[in-house]
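Numbering (our numbering), first residue to last: 202 to 488.
Spelled out as structure tokens, the structure:
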């Protein structure tokens with residue numbers, strides 16, 4: 202192969218070992234595709250390719266990635282609407298014969314990988330960091346390598362989150378990410394900690410490891426690439442560091458800042474004497 206197939210909102214370029222998907226930039230293009238811009242999908246990352254009738258005189262060429270091959274689709278967990286699916290190429294119906302040709306070519310090219318089952322690791326690159334987005338109760342930022350930060354908004358964060366203070370999470374301390382689409386009720390992003398941390402189930406609005414989206418906050422094109430980038434970093438850290446490795450002490454400066462913030466909450470009457478003493482002891486124990 203080596204040809205280019207242009208569709209609505211995207212173009213597929215067929216290389217000998219991959220499909221390069223480039224998304225059209227424009228106001229009519231779904232925002233997630235605008236944000237992704239370009240993705241290189243190795244043939245070994247694909248499980249199947251189909252062609253089906255679309256809406257309003259179109260046909261849809263659809264590639265299905267292998268489970269575990271793409272961090273974006275793993276984070277999405279089946280919640281993406283069709284229009285935002287980066288593996289769908291929509292074409293005018295009069296190009297159906299051409300689409301059939303490329304479907305067959307792709308099927309032949311991925312045949313050696315079709316029976317491999319779930320991928321052992323991510324084969325498609327995650328969106329690059331740094332990443333950030335605003336939720337209803339705070340702002341999330343990720344430096345692209347080692348740390349994720351949550352900064353709470355006083356207008357939306359619960360008292361539990363204010364008492365806990367702004368949060369910093371190291372990638373190596375996490376085991377996964379839960380993303381519940383902001384386009385449905387109760388959307389949120391939760392960072393899942395490794396075994397050994399407090400993993401009791403908590404409602405996202407009370408959980409300092411979660412951000413609540415709320416109506417109009419944490420849009421898909423910002424929060425999903427964020428989730429995928431963090432998920433890929435977690436997988437990379439897992440590959441480098443044994444699960445039994447000892448946890449490093451916290452940065453003393455970061456702990457001191459959290460104690461200072463806790464003291465402000467105490468002085469403002471938002472934290473009781475008992476809560477202040479207990480939380481301060483927990484923070485000092487991290488050193």
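Idealized CB from N, CA, C, for every residue including glycine.
By alpha-carbon positions, which one of the options ends up nearest to residue i?
| i | options | result |
| --- | --- | --- |
| residue 483 | 321, 379 and 456 | 456 |
| residue 240 | 378, 392, 272 and 299 | 272 |
| residue 263 | 211, 338, 438 and 343 | 211 |
| residue 253 | 374, 289 and 325 | 289 |
| residue 390 | 408, 373 and 228 | 408 |
| residue 338 | 387, 207 and 431 | 387 |
| residue 244 | 267, 368, 403 and 231 | 267 |
| residue 354 | 427, 385, 413 and 260 | 413 |
| residue 346 | 250, 420 and 331 | 331 |
| residue 396 | 403, 405 and 377 | 377 |
| residue 159 | 485, 424, 453 and 433 | Residue 159 lies beyond the range of the chain shown here (202 to 488); nothing can be said about it. |
Buried or exposed, going by whether 16 or more other CB atoms sit within 10 Å of the CB of residue i?
| i | result |
| --- | --- |
| residue 222 | buried |
| residue 480 | buried |
| residue 360 | exposed |
| residue 302 | exposed |
| residue 256 | exposed |
| residue 285 | buried |
| residue 226 | exposed |
| residue 362 | buried |
| residue 258 | exposed |
| residue 435 | buried |
| residue 448 | For residue 448, the pLDDT reaches just 40, beneath the cut-off of 50, and the residue's location in the model is therefore unreliable, leaving the point undetermined. |
| residue 358 | buried |
| residue 478 | exposed |
| residue 322 | exposed |
Taking 8 Å as the cut-off, does the CB of residue i come closer than this to any heavy atom belonging to the ligand FMN?
| i | result |
| --- | --- |
| residue 329 | The ligand FMN is absent from the structure shown, which contains no ligands of any kind. |
Which residues does DSSP list as the beta-bridge partners of residue i?
| i | result |
| --- | --- |
| residue 377 | 393 |
| residue 261 | 253 and 291 |
| residue 371 | 348 |
| residue 239 | 223 |
| residue 353 | 339 |
Could you check where the alpha helix (DSSP H) with residue i kicks off and where it finishes?
| i | result |
| --- | --- |
| residue 363 | 360–365 |
Go to residue i, then tell me how far its beta strand (DSSP E) extends in each direction, as first and last residue.
| i | result |
| --- | --- |
| residue 244 | From DSSP, residue 244 is part of no beta strand (DSSP E); its letter is neither H nor E. |
| residue 412 | 411–413 |
Can you list, in chain order, the stretches of the alpha helix (DSSP H) that have 4 or more residues and sit fully within the region 264–346?
272–277 and 297–311
At 3 residues or longer, what runs of the beta strand (DSSP E) sit wholly inside the region 204–228?
Whole beta strand (DSSP E) segments, 3+ residues: 205–207, 211–215 and 219–224.
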